[in-house]
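Just below is one structure, and these are the notes that go with it.
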Amino acid sequence: MRLFVSLRPPPHAVQHLRAQLPEWPTDPSRWHVTLAFLGDDAEPGRVHEQLARPLAGPAGFDLRLEGVGAFARGPVWVGVGGDLPALHALAAAVAGATGTATGRPYRPHLTVGRRVPREPLQGYRGPDWRATEVELVRSDLHPRVVHTVLERYPLA
């Protein structure tokens with residue numbers, strides 16, 4: 021069991037992105053923007069206690085999915101635009117509360133999948149959407165990837 025903290029784009033943003041791709045090798049219902057990866061040993065109850073206070077104050081903010089790139093090992097991602105200072109502050113608050121700060125720059129993105137043609141996404145700019153909720157998610161990898169939302173934290 022792996023845990024992570026994320027923002028989930030709303031259905032209209034996911035549908036807009038799906039329409040740009042001839043196929044999608046990952047289930048769009050699992051598409052998310054990771055704020056912090058907590059690993060295999062994190063305890064959900066403890067993480068909830070760590071997150072409840074820092075996530076009680078921040079207000080929602082506007083984002084959009086835009087641009088495309090790929091990691092060295094092949095996964096294709098779509099970048100995030102909009103109120104990046106608010107997004108970076110939220111990611112820093114989550115990392116600080118959970119002790120997961122890595123010292124590396126936060127690079128928000130949504131992984132679309134492996135073996136996805138990047139050409140349809142060149143110059144992609146999705147619709148604006150409001151980040152209103154943070155999720156604590158459990159990821160079970162076998163026999164196939166299943167994401168289960170354990171907690172939701174509304175942004176004011």
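Residues in the sequence shown are numbered from 21 upward in steps of one, following this note's numbering.
Ideal placement from N, C-alpha and C gives every residue a C-beta, glycine not left out.
Taken through DSSP and simplified to helix, strand or coil, residue 52 comes out as coil. Taking C-alpha positions only, residue 58 is separated from residue 46 by approximately 21 angstroms.
Between residue 173 and residue 87, the gap from beta carbon to beta carbon reaches 8 angstroms or more. Inter-segment contact for the region 83-102 and the region 61-72 is absent: fewer than three beta-carbon pairs are separated by less than 8 angstroms.
Excluding five sequence positions before and after residue 129, the CB atoms of its chain that fall closer than 6 angstroms to its own CB belong to 97 and 99, given in chain order. DSSP, reduced to helix, strand and coil, places residue 64 within a helical segment of the structure shown. DSSP, reduced to helix, strand and coil, places residue 133 within a strand of the structure shown. Residue 174: member of the beta strand (DSSP E) spanning 166-174, first to last residue.
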